[in-house]
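There are 2 protein chains.
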Amino acid sequence: MRNLVKTFKALSDPNRIRILKMLEVRPLCVCEIRDILQLANSTVSKHLSLLRDVEFILDEKDGKWVNFRLNDEQYNQYVSKLLPLLAEWLPDDAAIKRDREKVNQVDRYISCVS
Amino acid sequence: MRNLVKTFKALSDPNRIRILKMLEVRPLCVCEIRDILQLANSTVSKHLSLLRDVEFILDEKDGKWVNFRLNDEQYNQYVSKLLPLLAEWLPDDAAIKRDREKVNQVDRYISCVS
DNA sequence: TTTATATTTCGCCACTTGACGAAATGAAGG
DNA sequence: CCTTCATTTCGTCAAGTGGCGAAATATAAA
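Sequence lines, in order, name chains A and B.
The numbering used here puts the first sequence at residues 36 to 149.
The numbering used here puts the second sequence at residues 36 to 149.
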């Protein structure tokens with residue numbers, strides 16, 4: 036129960052939804068997400084650790100970066116049902132579309148030095 | 036987006052999850068739910084209006100009572116996907132089980148006079 | 001119409017949440 | 001080892017949430 040509620044809480048914030056929808060396009064690091072969402076680094080980091088906590092996303096060290104990607108493995112029953120649903124939803128949302136275009140433009144070598 | 040977030044927020048509270056899982060058994064009025072959850076009338080009413088707002092539940096006047104039941108109609112894409120998932124989840128949760136046993140015992144003619 | 005009672009609305013309080021900047025951490029490269 | 005820089009952690013603050021009791025509303029019955 037507790038874990039289920041935590042899982043829904045993770046989905047109860049527009050910025051976290053935006054992050055998940057961006058990660059549908061490709062894995063991203065904190066700086067890239069920060070540049071797209073226009074939030075402080077620390078804020079993005081907190082959102083990501085929350086999403087990781089309930090296993091919506093996984094992180095992989097890549098040199099000095101951390102790549103965050105959707106968890107498409109199947110060991111978490113909530114995640115494995117909810118991520119595919121989310122992927123079907125909001126296909127026409129203007130903000131989401133804009134975010135996903137930006138995903139294809141951002142470059143971590145430019146985003147991160149700041 | 037806004038509506039989707041609101042929908043997940045509605046699922047982000049243990050008492051609201053308990054209410055939905057109780058309504059899987061049968062429709063209930065505010066007093067019956069209040070007796071099972073041991074909350075104030077006004078608190079239960081607020082939870083119910085929130086769940087109704089995002090169309091997880093419907094209400095029907097029945098004399099001086101209001102019966103709340105799950106919305107099993109199919110016009111809301113989020114609800115029609117999420118309610119069936121919720122119905123599969125938490126099959127072994129102790130609190131949920133206790134609640135559902137109580138659903139079969141409460142009687143609004145006893146619960147409500149207080 | 002008056003009374004009883006089920007529900008909703010309102011105002012209040014404690015706690016949580018999402019935001020930030022500053023400081024701490026950790027890995028890469030000089 | 002020391003510097004650089006991506007990320008995380010910490011402290012703080014404003015806004016949102018869930019709880020309550022009291023007052024308002026609505027329906028049934030007397």
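C-beta: ideal position from N, C-alpha, C; glycine also.
All values reported here derive from a predicted model rather than from experimental measurement.
*In this structure, what does DSSP give as the bridge partners for N102 of chain A?*
A:E95
_Span separating the alpha-carbon of S146 of chain B from that of L93 of chain A_ = 48 Å
*So, N106 of chain B versus F91 of chain B, is the Cβ gap smaller than 7 Å?*
yes
*Which residues in the same chain as D134 of chain A place their Cβ atom closer than 7 Å to its Cβ, once the five residues preceding and following it in sequence are excluded?*
R53, K56, M57, I71
*V40 of chain B CB to nearest chain A CB: under 7 Å?*
yes
_For S113 of chain A and T42 of chain A, which I take to be in contact (beta-carbon distance under 8 Å), what is that distance rounded to the nearest angstrom?_
Reading off the sequence, residue 113 of chain A comes out as Tyr, not Ser. Confirmed, about 5 Å.
_Using C-beta distances below 7 Å, list every residue in its chain close to E59 of chain A, excluding the 5 sequence neighbours before and after it, in chain order._
L105, A122
*Leaving aside the five residues before and after S115 of chain B along the sequence, list all residues of the same chain whose C-beta is less than 7 Å from its C-beta, in chain order.*
Q109
*CB contact below 7 Å: S47 of chain B versus chain A*: yes
*DSSP state of L46 of chain A, grouped into three classes?*
coil
*asked:* Using the three-state DSSP reduction, which class does L55 of chain B fall into: helix, strand or coil?
replied: helix
*Would you report the Cα separation of M36 of chain B and A45 of chain B, rounded to the nearest angstrom?*
14 Å
_Using a Cβ-Cβ cutoff of 8 Å, what residues of the stretch 56-84 of chain B are near chain A? List them in chain order._
none
*asked:* Does L83 of chain A pass the burial test, meaning 16 or more other C-beta atoms within 10 Å, or should it be called exposed?
replied: buried
*asked:* Any beta carbon from chain B within less than 7 Å of L120 of chain A's own beta carbon?
replied: yes
*asked:* What would DSSP say about L63 of chain A, mapped onto helix, strand or coil?
replied: strand
*Please name the residue, chosen from A:S77, A:W124, A:E67, A:K99, that lies closest to Q140 of chain A on a Cα-to-Cα basis.*
A:E67
*asked:* For a test of the three-state rule: what should DSSP assign to A75 of chain A, helix, strand or coil?
replied: coil
*In angstroms with no decimal places, state the Cα-to-Cα distance between N50 of chain B and A75 of chain B.*
12 Å
*asked:* Helix, strand or coil for P119 of chain A? Go by DSSP, reduced to three states.
replied: helix
*asked:* Restricting to Cα atoms, I'd like to know which of A:D48, A:W100, A:L39 is closest to R143 of chain A.
replied: A:W100
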